[in-house]
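Here is the structure we will look at, set down as structure tokens.
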Amino acid sequence: MAPEALTGLIFYDPVELVVEHWPYGAEAGTVLYLDQDYTISGDWASGTASITPRAVYPLGAEWRIRREGLIRQPEVLPKISPLSSKDVERGLDRPILRLQEHAREIMRTWRSPRGENGLDLPGVGKRALKALFFDSEGNADPISIDDFSEPARAAADRAETIANGLQITTTFKDALFGSKIALAAVTTPTPGQSAVVTDPAKGGNFRFSSIDRSAEVALDPDGGLFFPPSGGNGSAGAWERSFGTTVMAEWFGCVGDGLTDDQPAFQRLVNTMAALYPKGFTVSAALNKLFRFGAVVRLPSGARIESINFTNAGTNNFFEVVGGLTAPTAFTEFVTDIAIAGCNFFCDVSNTSNVLRARNFKRLRLQNNIFQNCSLSSFGHAAEDLGLYKIANGSADSSGLPGSGTDPAIVAGFSTGPDFDDLNSDCTISGNVGNSGRYNGSLARLEFIKNVTITNNIGIGCKISWWGGGASAAEGGELWMKRRVRNVTITNNYLSRANGCINGNNSDGMTIADNICEDSMDTCLDLEGCFNCSVTGNFVRDAGNFCTSIFYASMNNVFANNTLLQTKRAKNLGSFLNTTGYTSAGTCTSSAGTNGRVRLTFAASHGFSDDQMIAPGTKSGNMGAALSGWYPILILDATTLELVGTEDIGTMTGAVSNVRYQRGNIMFQSNLATFDAADEADRVLWQGNTCIYEGTHNLATINGDTAMRTMMVSGNHLRNVRIVDVSLDSKSVIQGNYLEFDSQPVWATANVALLQSTGRIIDNTLKVLPKCVLPAGTVGIATYQVVSSGTWGEMRGNSVEDWPSQLTADMGYQYRVDASNPCGLMIIDNVFDTVLDMNASKGSIRIVYEGNRSKNKSLPVARPAVASIGTLGGLVRGTKIESGVALSAGGVFAQVALNDGWDTSNAWVAGMNVAVGDMLYSGSSVYRATAAGVAGATAPTGTGTAVSDGTLTYRYITAKVVWGALSLAAPSAVSSAATGAITPDISTAGTFVRTALSGGIAINAPTGTPFDGQPIRFRLKDNATARALAWNAIYRAIGVALPGTTTASKTTYVAGSYNAADARWDITSVQTEA
118 MAPEALTGLI FYDPVELVVE HWPYGAEAGT VLYLDQDYTI SGDWASGTAS ITPRAVYPLG
178 AEWRIRREGL IRQPEVLPKI SPLSSKDVER GLDRPILRLQ EHAREIMRTW RSPRGENGLD
238 LPGVGKRALK ALFFDSEGNA DPISIDDFSE PARAAADRAE TIANGLQITT TFKDALFGSK
298 IALAAVTTPT PGQSAVVTDP AKGGNFRFSS IDRSAEVALD PDGGLFFPPS GGNGSAGAWE
358 RSFGTTVMAE WFGCVGDGLT DDQPAFQRLV NTMAALYPKG FTVSAALNKL FRFGAVVRLP
418 SGARIESINF TNAGTNNFFE VVGGLTAPTA FTEFVTDIAI AGCNFFCDVS NTSNVLRARN
478 FKRLRLQNNI FQNCSLSSFG HAAEDLGLYK IANGSADSSG LPGSGTDPAI VAGFSTGPDF
538 DDLNSDCTIS GNVGNSGRYN GSLARLEFIK NVTITNNIGI GCKISWWGGG ASAAEGGELW
598 MKRRVRNVTI TNNYLSRANG CINGNNSDGM TIADNICEDS MDTCLDLEGC FNCSVTGNFV
658 RDAGNFCTSI FYASMNNVFA NNTLLQTKRA KNLGSFLNTT GYTSAGTCTS SAGTNGRVRL
718 TFAASHGFSD DQMIAPGTKS GNMGAALSGW YPILILDATT LELVGTEDIG TMTGAVSNVR
778 YQRGNIMFQS NLATFDAADE ADRVLWQGNT CIYEGTHNLA TINGDTAMRT MMVSGNHLRN
838 VRIVDVSLDS KSVIQGNYLE FDSQPVWATA NVALLQSTGR IIDNTLKVLP KCVLPAGTVG
898 IATYQVVSSG TWGEMRGNSV EDWPSQLTAD MGYQYRVDAS NPCGLMIIDN VFDTVLDMNA
958 SKGSIRIVYE GNRSKNKSLP VARPAVASIG TLGGLVRGTK IESGVALSAG GVFAQVALND
1018 GWDTSNAWVA GMNVAVGDML YSGSSVYRAT AAGVAGATAP TGTGTAVSDG TLTYRYITAK
1078 VVWGALSLAA PSAVSSAATG AITPDISTAG TFVRTALSGG IAINAPTGTP FDGQPIRFRL
1138 KDNATARALA WNAIYRAIGV ALPGTTTASK TTYVAGSYNA ADARWDITSV QTEA
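Read in order, the letters of the sequence shown are residues 118 to 1191 in my numbering.
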């Protein structure tokens, strides 16, 4: 990589700096040279100098700089402390600089040997642009270089210097030539002879090499670096260009006038450099040149193209990299070390060309380029070009077992990992800026590649996309199949006006962070069949399709801290982009047609956290549609969604499990969440969210259908949002939610419930606010059962204010479940406004109903009667139904079921009209009509599944429930002149009183069914005359004597309890007033 420019340096003279390049981990460095390897700008004396590298160095490389002057720095800085040029160096080196300057001034004086007089220089006017020639007496004589001839001794000295491996820079008269042709015409070049060609395009410094250079000359047909003397010198030598690490395109015949087709010359150039310098080379050009390509230039390994302007008029790519040209080498042959940096690419009109199309490469860099009317890059694999990889060779996993099915990549010859060395690898795309001039251009197209960084780019009409194999199961998308776009980082890019911004198939390990994407014709951020991806901190505005999405078999993806904004502009992006000139061969229309969609799709092991999703003023579509998504967990955590329209958040139509919405603040005008997972959907968690609906459409709905295994909705604050859960097996939990309604919705269907679940409905509060008018048939809480035998639903501790509730136990399509193990419903300790109905309409079910309260009444009847409670199915023995009437002494306040059974007030009557599903009782049995018509003459009897009344058939359900009344105890009689017998009814009272007996009485045996230990008490008093008492034999005195008479004007208490073992009422206490 290129190190940053070193700024703020202070030193006396650049010649005193020693700059070294140390590769990562190396034990020694390589000395670099000024102008050749780096440049120095700024004022080094004042501390504003900067050192900037001219070339690109590998990741981890270091530059080390030291100063070697005549006067050494006296202090030694600790190695652990970096040298700060602006602090330590500035204070430390000021005295040293002054000493160095003084020393250099001394050095600049002419100094004569001891015993000689000082040498006088000619004046400035006489020596300017002249060479100093010392005559025979040693005096300096300025002579024009054109009149200067190289002495024989000087030539010999120079030859000796070259032979010793040293270089010289002395230029003589015969070293200046106007062209390479003129230099080649030198008839007798001497070994090591230097020359300067002044041709602005092809000129430069050359020296003659007398060794055999015929091979180099053959590899360099344009003579950019080597060319032979035309006059010959009796050897195979050649003139050799002196240069650093960079060659100029003009040296090899490239014109750069913007008109001439320079592609042939440029292709020869890179071919020559690859042959001469296989370890790598850099090509540049003058900044005022513009090179037109009429065809693509294929780059070899090691090619670095820097700071050149290019143009073309056709659809051809500018450059291409192609490795693995044959099937045997498709997975083993790669072009390496390619770089295109600091270049400008301009197409005359918008077209489908790329700056670079690459197949089979390793180590590639696109950096700081500008491109116009074309795409930047497209990377693929030779296996595709050669037809080895075909998605048609794949097949889905029909057995349902991992490892089944066929991966087309394996068929083609790709490895199964873990290193994936047969993929393209190690690519960096950074700092590029471009506008494709079309809506479907690309900043980068990645196919079969690993280890990619795409950062700090700007692309208008450009997207970043990838393909690591087909995402559908039959094309390489099974979960066990490897993803072949791997380890990609996409950060801090700006992408706009493209056919999607960042999207692709079958990647593994992507980081997509801090990008800005807007005006996307298709999905902005889309992961299809992708594993282990992080999508964080991105800003998305106006997508013609989804803002973010996940499709196919995707796993372990996290969306966090993203902002998704849909405005009205989103619905007409196609028209807008066409208007502004972004067109293509196809029709440029929004995927949403005329109505912009706001859709967030997801599937499988994904998390959405702290995302902001805002969609004002759009219409139609969904936010949260999981299409054919698989496996196991989806999490939306602390997510904000704000919509205006009729969108859905959370529509599932695939095999999705474990969906979690947590700690979000969700505001919308939409149908909130529809979990319609008809395949293998599993679990949904919706927790701690604030959901507010403020529209004029249907109430928002959190909805789970019968395919869901479990659904937990807890701790949410919902306004104008209803919960509808009909998931299987009564495993759902709707708990601790606050639901309030303050607006009138437009219902799509009648008779809807505000809160409905098949499972446990616990501690929820449902309140209808003033001025809210809900349609007729709307109920507060409705239970709903579509469960298997032996499961229990529960409604406990809920509070429903200002709206009636309908408690329905519905067995779905089951007419009758296992009578020995039926499902059940517990309705306990709720506070209802009104209970409209308690009905189990389609099957045998056990119901426990107790501890509930209501403002109005518990059942359609004012007081539970023994004969009929209403229509209530599958009651469990001991179920208590309370009355809503005022309590009074001796009044019945509840009925208790004395057996398991079914209660209905609908009696079978001969000749009655019967509908299918009617619940009727005949005698002690309850039947369900399975045919419609007029009842026959004979009442149905028996327990069969097709019982007949002579005309219609019925299915036996269960026994009719027998009710027992619960009432407040009251005295049997109160009279001032009571006479006659006392016959205690122990089912209604426990104390029996006579206060003014006017004659003798008999105390008869009690009526009712006593229980062991049941207490009984008598309070007796005459009217001032003792009266006879006759006790039934069932009363037995224990330790006391039964009183035979009363004591005049005195009160007597007689008390005892029932002895079930002896079937006697044992009297154990007789007390008379003193």
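We treat Cβ as the ideally placed atom computed from N, Cα and C, and that holds for glycine.
Mind checking residue i: buried by the 16 CB within 10 Å criterion, or exposed?
{"i": "alanine 561", "result": "buried"}
{"i": "phenylalanine 410", "result": "buried"}
{"i": "glycine 698", "result": "Bear in mind that a pLDDT of 36 at glycine 698, under 50, signals an unreliable position, so the model cannot answer this."}
{"i": "leucine 1137", "result": "buried"}
{"i": "glutamine 683", "result": "buried"}
{"i": "glutamine 380", "result": "buried"}
{"i": "asparagine 1030", "result": "exposed"}
Taking only the alpha-carbon atoms, compute the straight-line gap between residue i and residue j and give it to the nearest angstrom.
{"i": "arginine 836", "j": "threonine 533", "result": "52 Å"}
{"i": "proline 131", "j": "tryptophan 161", "result": "8 Å"}
{"i": "threonine 523", "j": "asparagine 510", "result": "7 Å"}
{"i": "cysteine 634", "j": "glycine 548", "result": "17 Å"}
{"i": "alanine 292", "j": "glycine 341", "result": "18 Å"}
{"i": "cysteine 460", "j": "alanine 353", "result": "38 Å"}
{"i": "serine 326", "j": "glycine 554", "result": "51 Å"}
{"i": "valine 156", "j": "glutamate 423", "result": "Looking at the sequence itself, residue 156 is threonine, so the reference to valine does not match. Taking the straight line joining both Cα atoms gives about 16 Å."}
{"i": "valine 387", "j": "asparagine 429", "result": "19 Å"}
{"i": "threonine 305", "j": "proline 346", "result": "9 Å"}
{"i": "serine 296", "j": "glycine 320", "result": "7 Å"}
{"i": "lysine 196", "j": "alanine 166", "result": "Note on lysine 196: pLDDT 46, under 50, position unreliable in the model; the coordinate value appears next. When rounded, the distance between both Cα atoms is 23 Å."}
{"i": "leucine 442", "j": "glycine 497", "result": "13 Å"}
{"i": "threonine 1100", "j": "alanine 1106", "result": "11 Å"}
{"i": "asparagine 1176", "j": "threonine 1185", "result": "12 Å"}
{"i": "phenylalanine 323", "j": "glutamate 645", "result": "58 Å"}
Taking 9 Å as the threshold (C-beta atoms), are residue j and residue i in contact?
{"i": "isoleucine 1192", "j": "isoleucine 1151", "result": "Examination of residue 1192 is not possible in this model, given that the chain is present from 118 through 1191 alone."}
{"i": "glutamate 116", "j": "isoleucine 508", "result": "Lying before the first or after the last residue shown, residue 116 is absent from the chain, which here runs from 118 to 1191."}
{"i": "valine 602", "j": "glycine 621", "result": "yes"}
{"i": "methionine 638", "j": "alanine 670", "result": "no"}
{"i": "leucine 612", "j": "glycine 576", "result": "yes"}
{"i": "phenylalanine 668", "j": "aspartate 643", "result": "yes"}
{"i": "glycine 419", "j": "aspartate 454", "result": "yes"}
{"i": "tyrosine 506", "j": "alanine 529", "result": "yes"}
{"i": "aspartate 378", "j": "leucine 407", "result": "no"}
{"i": "glycine 1116", "j": "arginine 1144", "result": "yes"}
{"i": "glutamine 804", "j": "aspartate 842", "result": "no"}
{"i": "tryptophan 1019", "j": "alanine 1052", "result": "no"}
{"i": "alanine 392", "j": "valine 439", "result": "no"}
{"i": "arginine 421", "j": "glutamine 384", "result": "no"}
{"i": "asparagine 610", "j": "isoleucine 619", "result": "yes"}
In terms of residues, what are the limits of the alpha helix (DSSP H) holding residue i?
{"i": "threonine 389", "result": "380 to 393"}
{"i": "valine 528", "result": "525 to 529"}
Quick check on the DSSP output: the beta strand (DSSP E) that includes residue i runs from which residue to which?
{"i": "proline 170", "result": "166 to 170"}
{"i": "leucine 883", "result": "882 to 885"}
{"i": "glycine 125", "result": "123 to 126"}
{"i": "serine 1041", "result": "Taken as a continuous stretch (DSSP letters only), serine 1041 belongs to no beta strand (DSSP E), as it is neither H nor E."}
{"i": "alanine 1154", "result": "1152 to 1154"}
{"i": "leucine 634", "result": "Residue identity differs from the one stated: residue 634 is cysteine in this sequence, not leucine. Here the beta strand (DSSP E) through cysteine 634 covers 633 to 637."}
{"i": "phenylalanine 398", "result": "398 to 401"}
{"i": "valine 1171", "result": "1168 to 1176"}
{"i": "arginine 836", "result": "834 to 836"}
Practice task
Write down every uninterrupted run of the beta strand (DSSP E) in the stretch 453 to 511 whose length is 3 residues or greater and which is fully enclosed by it, in chain order.
Solution key: Whole beta strand (DSSP E) segments, 3+ residues: 461 to 464, 471 to 476, 478 to 484, 487 to 489, 492 to 497.
Practice task
Could you tell me which uninterrupted alpha helix (DSSP H) segments, each at least 4 residues in length, are contained entirely in the stretch 288 to 363, listed from first to last along the chain?
Solution key: Counting whole runs of 4 or more residues, the stretch 288 to 363 contains the alpha helix (DSSP H) stretches 297 to 301, 331 to 336.
Problem - Sequence ranges, beta strand (DSSP E) only - wholly within the stretch 1117 to 1144, length at least 3 - result: 1118 to 1120, 1132 to 1139
Exercise for the section: Write down every uninterrupted run of the alpha helix (DSSP H) in the stretch 522 to 588 whose length is 4 residues or greater and which is fully enclosed by it, in chain order. Expected result: 525 to 529
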